[in-house]
Amino acid sequence: MIHSLFLINHTGDIFLEKHWKSVISRSVCDYFFEAKEKAGDPENVPPVLQTPHHYLITIYRGKLFLLSVIQTEVPPLFVIEFLHRVADTFQDYFGECSEGVIKDNVVTVYELLEEMLDNGFPLATESNVLKEMIKPPNILRSVVNTLTGSSNVGDTLPTGQLSNIPWRRAGVKYTNNEAYFDVIEEIDVLVWDIGKLNPQKLPNLKGSLSVQAGAPKPEENPSLNIGLKIQQLAISGLKVSRLDMYGEKYKPFKGVKYVTKAGKFQVRT
1 MIHSLFLINH TGDIFLEKHW KSVISRSVCD YFFEAKEKAG DPENVPPVLQ TPHHYLITIY
61 RGKLFLLSVI QTEVPPLFVI EFLHRVADTF QDYFGECSEG VIKDNVVTVY ELLEEMLDNG
121 FPLATESNVL KEMIKPPNIL RSVVNTLTGS SNVGDTLPTG QLSNIPWRRA GVKYTNNEAY
181 FDVIEEIDVL VWDIGKLNPQ KLPNLKGSLS VQAGAPKPEE NPSLNIGLKI QQLAISGLKV
241 SRLDMYGEKY KPFKGVKYVT KAGKFQVRT
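Quick note: the sequence shown uses full-length UniProt numbering, first residue 1, plus one each step.
Written as structure tokens, this is what we have:
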């Protein structure tokens with residue numbers, strides 16, 4: 001799946017590379033550099049790039065680009081999720097995911113990448129399993145390794161590898177048969193039906209609606225807090241982050257609060 005991984009800083013320098021199959025030349029990153037120059041902002045670089053012979057899938061974390069090289073079609077989100085897991089692992093091991101920290105712990109970084117992928121396919125990505133195989137670096141362990149010539153790699157197979165649940169070690173026993181779960185629900189939507197707002201009459205607007213607890217059904221016009229983010233400028237050149245609507249056809253329904261008082265303006269279409 002993943003043939004190679006390149007770590008690139010915000011200035012465009014490749015400071016680390018890892019190959020799991022055949023070695024791929026750094027010149028493949030030229031397509032990424034062209035897209036980065038066109039995007040301007042690093043966060044606007046397309047996450048998936050198609051080249052004549054490869055697919056480039058990237059993420060941007062901590063002023064670093066993690067660029068993976070793929071030669072066959074794979075689900076892009078699967079690769080993106082793995083790249084974020086790599087960055088999270090570096091964060092967990094070293095405290096931060098930055099160029100300086102990665103260079104200072106380059107041996108541990110290569111050991112982690114070797115265990116996380118097997119022939120280009122994800123193998124061990126859970127933090128507790130990795131920490132049993134590769135000990136997190138610290139000053140005392142570094143001194144001992146220097147004097148004895150040992151490494152951070154463990155000698156035994158992690159117990160989590162033998163468990164049906166990868167993030168939980170096998171053979172765990174508790175005095176009480178209890179389990180606690182934290183359920184977190186998140187929703188990111190744009191609702192137009194409430195209040196009969198017509199999206200065609202509100203060009204280039206992105207917004208979020210938050211319904212107050214205990215509010216009636218949407219058909220009954222519940223109390224809402226609304227914020228509309230405008231990507232364009234007003235005709236006068238005024239930059240706005242909130243929008244007040246005026247006129248009968250934009251008459252707000254009951255319960256909607258508009259925060260801004262920037263005055264009347266029109267939005268470019």
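Every residue, glycine too, gets a C-beta built ideally from N, C-alpha and C. Everything numeric in this text was worked out from a predicted model, so none of it was measured.
Selection Leu117, Arg168 and Lys103 evaluated against Asn128 yields Arg168 as nearest (Cα-Cα). A check of alpha carbon separations from Phe65 across Val74, Phe78, Ala87 and Leu112 identifies Ala87 as the nearest.
The straight-line gap separating the alpha-carbon atoms of Thr89 and Thr175 is approximately 32 Å. Around Pro47, the same chain offers Ile57, Thr58, Ile59, Pro76 and Ile80 as residues with beta carbons nearer than 8 Å, after the five sequence neighbours per side are excluded. Residue environment: His3 is assigned as buried (16 or more neighbouring CB atoms within 10 Å of its CB, all protein chains considered). In this chain, Arg85 is not harboured by any beta strand (DSSP E); it is covered by the alpha helix (DSSP H) spanning Pro76 to Phe94.
Beta-bridge partners of Thr108 (DSSP): none assigned. Shown here for Leu117: same chain residues with a beta carbon closer than 7 Å to its own, the five before and five after excluded, namely Ile2, Trp20 and Leu123 in chain order. Less than 8 Å divides the Cβ of Phe32 from the Cβ of Leu67. In the DSSP annotation of this structure, the continuous segment of the beta strand (DSSP E) that includes Glu17 starts and ends at Ile14 to His19. The alpha-carbon separation between Phe15 and Pro136 amounts to approximately 22 Å. Looking at Ser27, Lys18, Phe181 and Asn105, the one whose alpha-carbon comes closest to that of His53 is Ser27. C-alpha of Lys131 to C-alpha of Asp41: approximately 35 Å in a straight line.
Taking 8 Å as the cut-off, the beta carbon of Leu113 is found closer than this to the beta carbon of Lys18. Here Pro122 carries a strand assignment [DSSP, helix/strand/coil].
Membership of Ser4 in the beta strand (DSSP E) is indicated by the continuous run Ile2 to Asn9.
Following the DSSP letters along the chain, one finds Phe65 in no alpha helix (DSSP H) but inside the beta strand (DSSP E) bounded by residues Leu64 to Ile70.
Shown here for Thr51: same chain residues with a beta carbon closer than 8 Å to its own, the five before and five after excluded, namely Val28 and Tyr31 in chain order. Pairing Leu7 with Asn177, the inter-Cα distance amounts to about 45 Å.
With distances taken between CA atoms, Asn138 lies nearest to Asp92 out of Asp92, Ile70, Gln71 and Leu5. Under DSSP, Thr58 forms a beta bridge with Leu67.
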